[in-house]
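Using this note's numbering, read the sequence shown as starting at 11 and increasing by one per residue.
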Amino acid sequence: MASENHFPSVRCCLFDMDGLLLNSEDVYTDVTNTILREHGRPDLPWSLKAQLQGRPGPEAGRLFQEWAKLPMTNEEFVKRNAELQKERFEQCKPLPGVTQLLRTLSRSTSGTSGRKIHMAVATSSHRNMFEVKTSSKAAAALFTPDIFPPSQIVCGDDPRIPKGRGKPLPDIYLTALETVNQAIEASGSDESPVRPDECLVFEDAVPGCEAGRRAGCRIIWCPHPGLLGEYRGREQEVMAGATGEHKQEDLEHAGASRFEGSPGHVGKIDDGWAEFMSSLEHFDYEKYGINVPSMLQS
């Protein structure tokens, strides 16, 4: 069975984490606003937060500090930020529809191969923060080995991703796909490697959508309502990875990629490679050529 528009059936799903699987983006906002209010500054506007989402930490930090102009050193900000984050990130929980989606995908098969759907995580969060965010019982239940094998969780500080090559460049998604194909090879099965066009990237952030498109994957864009408000009327640009906010000259200053053809190409407006979803509760498995066992169908 092939999915609609003659795309191949999805064999692999690649997931962002913050704001997509977990409510950690809301935690980031709450923590940041706490510090801003302590110094009489206004709350973080979505116009700026939209630029921070999905970016590597150092770049996001630079953009924030240029706007905030807090009366404290960067070291003081980092220390206070870490204190608040540790306490609040330990209470992260899954966003609506996430638990059921992951459990269903982990038991489903691809229509063309009849084999299991492979899954991996590609998060800009560094490994230590990933561990904190997934430490609660509710969050930890999403990252069990039967859903995401440990080798298929790729974090922003992974040494395979050169400095400066975080999202919106495609390296983190291509690395996540690489871990899936390495697992297939190690299994000794006759299953063929997964191609990028057989992958479905799930993202909430604009840079992440661009990274997924540059990797040659189809994408699901499931943004926070606040972010959606900033891009109202430009949804198709976001899903094509073609907002133009990440300039080509900036991409060319990034480190060398391990992947031929990187930084890859963005898509075209309304080209069928992307879908908007307001919630992961509404994912259409059949549309992507995914076979759900009858016992899991409602």
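Just so it is clear, CB atoms sit at the ideal spot from N, CA and C, and this is done for glycine as well.
The model shown is predicted, which means the values in this text are computed figures rather than measured ones.
Asked, Found
"S13 (DSSP reduced to helix, strand or coil)", "Its pLDDT being 46, under 50, S13 is placed unreliably by the model, and nothing is read from it."
"Own chain partners of I62 with C-beta closer than 7 Å, once the 5 adjacent residues on each side are dropped", "Just to set this straight, residue 62 is Leu in the shown sequence, not Ile. Here the set comprises A70, L73, F74."
"Close beta carbons around T39, own chain, < 7 Å, minus the five adjacent residues each side", "L54, K59"
"Cβ separation of V164 and F25, assumed to be a contact under 8 Å, to the nearest whole Å", "With 8 Å as the limit, V164 and F25 do not qualify as a contact, their Cβ atoms being about 10 Å apart."
"Residue closest to R223, alpha-carbon to alpha-carbon, out of L187, G239, G274, G265", "G274"
"Of the residues L105, S57, D156, P81, the one placed nearest L32, counting alpha carbons only", "L105"
"Beta-carbon contacts of G265 that lie in its chain and below 7 Å, excluding the five residues immediately before and after", "P172, K173, G174, R175"
"Contained beta strand (DSSP E) runs [length at least 3] in the region 52-122, N- to C-terminal order", "none"
"Extent of the continuous beta strand (DSSP E) run through E285", "284-286"
"Presumed contact (8 Å Cβ cut-off) between M129 and F153, rounded CB distance", "Not quite, the Cβ-Cβ distance comes to about 11 Å (not below 8 Å), so this is no contact."
"Candidates V204, S288, G254, of which the one nearest R125 by Cα", "V204"
"Chain-order list of residues whose beta-carbon lies under 8 Å from that of S161 (same chain, five-residue window excluded)", "T189, Q192, A193"
"Spatially closest choice to S289 from T109, V37, T44, C22, by CA coordinates", "T109"
"Per-residue DSSP class, three states only, for D281", "coil"
"Residue(s) in a DSSP beta bridge with M305", "None; M305 has no bridge partner."
"P233 versus E247, E213, A78, residue with shortest Cα-Cα distance", "E213"
"Own chain partners of S135 with C-beta closer than 7 Å, once the 5 adjacent residues on each side are dropped", "M27, D28, K143, C165, G166"
"Any non-hydrogen atom of the ligand MG closer than 7 Å to S116 Cβ", "In terms of ligand content, the structure shown is empty, and the ligand MG therefore cannot be addressed."
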